[in-house]
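S.K.:
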Amino acid sequence: MTNLGCRRRVIIAGGSVGGLFLGNLLVKSGWQVDIFERASDALVERGAGIAGHAELEPVLKTILGPEAELDRIDVEQRFAFDRTGRVVARHTYPQYLTSWNVLFGRIQKAFPASSYHSGIEVLDVVQGEGDATVSLSDGRRLSADLVVGADGVRSRIRAKLAPEVIPRYAQYVAWRGIIDDPSKLDPDLVELFSFCFPQGGQLIGYPLLGRDGQGGHRRYNFLWYYRVPAGRDLDDLLTDADGRRHEYAIPPPSIRQEHIEAFRKTAQKRLPPQFCDAVMCANRFMIQPIYDVQSERIVFGRIALIGDAAFVARPHVGIGVLKAALDAMSLTQCLDRNASISDALACYQSERLRPGLDAVQFGRYLGAFIERGLDGPTSDPELGLTYDFILRESARLPRASMASVGNIPNLVH
Ligand SMILES: Cc1cc2nc3c(=O)[nH]c(=O)nc-3n(C[C@H](O)[C@H](O)[C@H](O)COP(=O)(O)OP(=O)(O)OC[C@H]3O[C@@H](n4cnc5c(N)ncnc54)[C@H](O)[C@@H]3O)c2cc1C
Numbered sequence: 001m002t003n004l005g006c007r008r009r010v011i012i013a014g015g016s017v018g019g020l021f022l023g024n025l026l027v028k029s030g031w032q033v034d035i036f037e038r039a040s041d042a043l044v045e046r047g048a049g050i051a052g053h054a055e056l057e058p059v060l061k062t063i064l065g066p067e068a069e070l071d072r073i074d075v076e077q078r079f080a081f082d083r084t085g086r087v088v089a090r091h092t093y094p095q096y097l098t099s100w101n102v103l104f105g106r107i108q109k110a111f112p113a114s115s116y117h118s119g120i121e122v123l124d125v126v127q128g129e130g131d132a133t134v135s136l137s138d139g140r141r142l143s144a145d146l147v148v149g150a151d152g153v154r155s156r157i158r159a160k161l162a163p164e165v166i167p168r169y170a171q172y173v174a175w176r177g178i179i180d181d182p183s184k185l186d187p188d189l190v191e192l193f194s195f196c197f198p199q200g201g202q203l204i205g206y207p208l209l210g211r212d213g214q215g216g217h218r219r220y221n222f223l224w225y226y227r228v229p230a231g232r233d234l235d236d237l238l239t240d241a242d243g244r245r246h247e248y249a250i251p252p253p254s255i256r257q258e259h260i261e262a263f264r265k266t267a268q269k270r271l272p273p274q275f276c277d278a279v280m281c282a283n284r285f286m287i288q289p290i291y292d293v294q295s296e297r298i299v300f301g302r303i304a305l306i307g308d309a310a311f312v313a314r315p316h317v318g319i320g321v322l323k324a325a326l327d328a329m330s331l332t333q334c335l336d337r338n339a340s341i342s343d344a345l346a347c348y349q350s351e352r353l354r355p356g357l358d359a360v361q362f363g364r365y366l367g368a369f370i371e372r373g374l375d376g377p378t379s380d381p382e383l384g385l386t387y388d389f390i391l392r393e394s395a396r397l398p399r400a401s402m403a404s405v406g407n408i409p410n411l412v413h
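Numbering-wise (this note's numbering), the sequence shown opens with residue 1 and increments by one.
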């Protein structure tokens, strides 16, 4: 087993946004940090548009400096369209949109490259007396004062420590489409953060920065939450032409052409013209099954969970990146404030358990009509999911008044 220097040391499993937020913050606090990331390819190529939030700014400024700003597109209003393309709701909510590659690229660049170990998987973690030890796929075993699972929805660390927490499929997927050249789309649509509610689902679309941030020409992307019950239909959708069943997401080149054609036919039947054009013009698709992950604990001795490893809230709340950042900030501040790591971890759990639970519950609520197979959000008035409500409350931190589980109609199906 390799020994450690005298600085406090943390090992982070997972080098996506959560791992990098935390890694950067702890380096600034004087910790010796090592991030192990299973993927060996460039994570910067993952993902598409990300809804920005004012609450993310303090974390970014701590990491990137007080003047730092992400390339962004500002949007002032949200619109909802009906099947004919007529506006049925609007809501003023100034917000910015950025992209995965811009955000990830910035926080990865800020982190010391020599401490970021890609292509190495954390295979196991074991608690010690006042430390924890990881086993790595390159054969090493390393101990640290603190081990953090930032290893996403299928967290191996969580599976070891809390095997009862199992991701729960929400009975629908997100079909994401990217339009690299939106010049053929309705120019108004391309500027808007907009919604529509095709039978049995929900679609949101918004502008996306060019591949090189502001330097590139603007793109457009949409997410269509599309009901696909677990079982044969889902298995078929996630199986590529070589017969391989993809588990968590099926990437663009692997989606079978027949599924893209069927998806486009459904778009012609169910979507307003401007969104139908977007589906027809999309040059890249990705399909991600939607899951809920709800943990009862996020601290286990000298091991903590952050980001999607701790909680996965459906993307209707649009705060996955923000939640990972706030988890990282809370853990860092608790470690700064408390001399004892155990006290710091207790502080972290008490700060971040409730917001995680609230986000999961609120995401379930916003997507309940799709999960239940209702025609639209207003089909069951008892849910209280009006178009105005959805426009107002999507893609933002659940407000305290909204998030409290007691205020949300019963979701038992
Ligand atoms: C359809 C969809 C749309 C979304 N839209 C938005 C949005 O608009 N805004 C937003 O904020 N969020 C959005 N999200 C959520 C967001 O992508 C996640 O919340 C965010 O990526 C969580 O970051 P993370 O670092 O916790 O986990 P992840 O990004 O999942 O990263 C986990 C990392 O751990 C690595 N890993 C896994 N196991 C191991 C191991 N054993 N050892 C080493 N490494 C390991 C993985 O390779 C991966 O890189 C969306 C999600 C979906 C599905």
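Where a beta carbon is used, it is the ideal one built from N, C-alpha and C, also for glycine.
Could you tell me which uninterrupted alpha helix (DSSP H) segments, each at least 4 residues in length, are contained entirely in the region 95-155, listed from first to last along the chain?
M.R.: Whole alpha helix (DSSP H) segments, 4+ residues: 100-110.
S.K.: Hey, how far is the Cα of arginine 431 from the Cα of serine 330?
M.R.: Only positions 1 to 413 of the chain appear in the structure, and residue 431 is not among them; the question remains open.
S.K.: Hey, which unbroken runs of the beta strand (DSSP E) at 3 residues or more fall wholly within the region 161-224?
M.R.: Listed in chain order, the complete beta strand (DSSP E) runs (minimum 3 residues) inside the region 161-224 are 168-179, 193-196, 202-208.
S.K.: Going by beta-carbon coordinates alone, are leucine 64 and alanine 13 separated by less than 8 Å?
M.R.: Numbered from 1 along the sequence shown, position 64 holds the residue referred to as residue 64. Numbered from 1 along the sequence shown, position 13 holds the residue referred to as residue 13. Against a cut-off of 8 Å, the Cβ pair of alanine 13 and leucine 64 comes out as no contact.
S.K.: Does ligand 1 have even one heavy atom less than 7 Å from the beta-carbon of isoleucine 50?
M.R.: Locating residue 50 in the sequence shown gives position 50, where the first residue counts as 1. Flag set: Cβ of isoleucine 50 near ligand 1.
S.K.: Helix, strand or coil: which one does DSSP assign to proline 252?
M.R.: Taking the sequence shown and counting its residues from 1, the one referred to as residue 252 is at position 252. The answer is helix: DSSP assigns proline 252 an H, G or I state.
S.K.: Helix or strand or just coil, what does DSSP make of threonine 332?
M.R.: For the purposes of this step, residue 332 is identified with residue 332 of the sequence shown, where counting begins at 1. Helix at threonine 332.
S.K.: Below 8 Å on the Cβ atoms is my contact criterion, and I expect serine 16 with glycine 152 to pass it. Report the Cβ-Cβ distance as a whole number of Å.
M.R.: Within the sequence shown, residue 16 is the residue found at index 16, counting from 1. Within the sequence shown, residue 152 is the residue found at index 152, counting from 1. That pair is a contact at about 7 Å.
S.K.: By DSSP, does glutamate 37 sit in helix, in strand, or in coil?
M.R.: Start at 1 with the first residue of the sequence shown, and residue 37 comes out as number 37. Three-state result, glutamate 37: strand.
S.K.: Suppose only complete runs of 3+ residues qualify. What are the beta strand (DSSP E) ranges in the region 294-358, listed by chain order?
M.R.: Listed in chain order, the complete beta strand (DSSP E) runs (minimum 3 residues) inside the region 294-358 are 303-305.
S.K.: Taking the straight line between their C-alpha atoms, what separation do you get for isoleucine 50 and glutamate 382?
M.R.: Here residue 50 corresponds to residue number 50 of the sequence shown, with the count starting at 1. Here residue 382 corresponds to residue number 382 of the sequence shown, with the count starting at 1. Answer to the nearest angstrom: the Cα atoms are 31 Å apart.
S.K.: Quick one: measure Cβ to Cβ for glycine 201 and isoleucine 370, integer angstroms, because I've assumed they're closer than 8 Å.
M.R.: The residue labelled residue 201 in the question sits at position 201 within the sequence shown. The residue labelled residue 370 in the question sits at position 370 within the sequence shown. That belief holds up - the Cβ atoms of glycine 201 and isoleucine 370 are roughly 6 Å apart, short of 8 Å.
S.K.: Which class does aspartate 380 belong to by DSSP, given the choice of helix, strand or coil?
M.R.: Along the sequence shown, one-based indexing puts residue 380 at 380. Reduced to three states, the DSSP call for aspartate 380 is coil.
S.K.: I'd like to confirm something about phenylalanine 389: is its beta-carbon nearer than 7 Å to some heavy atom of ligand 1, or not?
M.R.: Mapped onto the sequence shown, residue 389 falls at position 389. No, the Cβ of phenylalanine 389 stays beyond 7 Å of every heavy atom of ligand 1.
S.K.: Relative to the C-alpha of isoleucine 11, which candidate in Ile166, Asp34, Ser137, Val122 has its C-alpha closest?
M.R.: One-based indexing of the sequence shown puts residue 11 at position 11. When only C-alpha atoms are compared, the closest one is Asp34.
S.K.: Can you name, in chain order, every residue of its own chain whose Cβ lies under 6 Å from the Cβ of glutamate 76, other than the five neighbours on each side?
M.R.: Position 76 of the sequence shown, counting from 1, holds the residue named residue 76. The answer, listed in chain order, is Pro94.
S.K.: Compute the Euclidean distance between the alpha carbons of tryptophan 175 and aspartate 343, then round it to the nearest angstrom.
M.R.: Taking the sequence shown and counting its residues from 1, the one referred to as residue 175 is at position 175. Taking the sequence shown and counting its residues from 1, the one referred to as residue 343 is at position 343. Near 43 Å, if we compare the C-alpha coordinates of aspartate 343 and tryptophan 175.
S.K.: Less than 8 Å between the beta carbons of valine 122 and arginine 154, yes or no?
M.R.: In the sequence shown, counting from the first residue as 1, residue 122 sits at position 122. In the sequence shown, counting from the first residue as 1, residue 154 sits at position 154. In this structure, arginine 154 does not lie closer than 8 Å to valine 122 by Cβ.
S.K.: Among the candidates Leu22, Ala313, Leu271, Leu366, whose CA atom is the shortest distance from the CA of arginine 83?
M.R.: Along the sequence shown, one-based indexing puts residue 83 at 83. Nearest C-alpha to arginine 83: Leu271.
S.K.: Which residues bound the beta strand (DSSP E) around aspartate 240?
M.R.: Counting from 1 along the sequence shown, the entry for residue 240 is found at position 240. Unbroken run through aspartate 240: none, as it is neither H nor E.
S.K.: Taking its Cβ as the centre, do 16 or more other Cβ atoms sit within 10 Å of histidine 413, making it buried, or is it exposed?
M.R.: The residue labelled residue 413 in the question sits at position 413 within the sequence shown. Unreliable placement is indicated for histidine 413, whose pLDDT of 42 sits below 50; no coordinate value is reported for it.
S.K.: Do histidine 117 and leucine 391 have their C-beta atoms within less than 8 Å of each other?
M.R.: Taking the first residue of the sequence shown as 1, we reach residue 117 at position 117. Taking the first residue of the sequence shown as 1, we reach residue 391 at position 391. Not closer than 8 Å, so no.
S.K.: Please check the pair glutamine 294 and leucine 189, which I expect to be a contact at CB under 8 Å, by giving their CB distance rounded to whole angstroms.
M.R.: In the sequence shown, counting from the first residue as 1, residue 294 sits at position 294. In the sequence shown, counting from the first residue as 1, residue 189 sits at position 189. Not confirmed; about 35 Å, so no contact.
S.K.: When the Cα atoms are used, what is the spatial distance from arginine 364 to glutamate 57?
M.R.: Residue mapping note: residue 364 aligns to position 364 of the sequence shown, counting from 1. Residue mapping note: residue 57 aligns to position 57 of the sequence shown, counting from 1. Whole-angstrom Cα-Cα distance: 27 Å.
S.K.: Determine the contact status of arginine 168 and glycine 373, defining contact as a CB-CB distance below 8 Å.
M.R.: Indexing the sequence shown from 1 puts residue 168 at position 168. Indexing the sequence shown from 1 puts residue 373 at position 373. Contact: no.
S.K.: Taking valine 125 as the reference, give the member of Leu22, Tyr291, Asp74, Ala159 with the closest Cα.
M.R.: Here residue 125 is taken as the residue at index 125 of the sequence shown, counted from 1. Considering only alpha carbons, the answer is Ala159.
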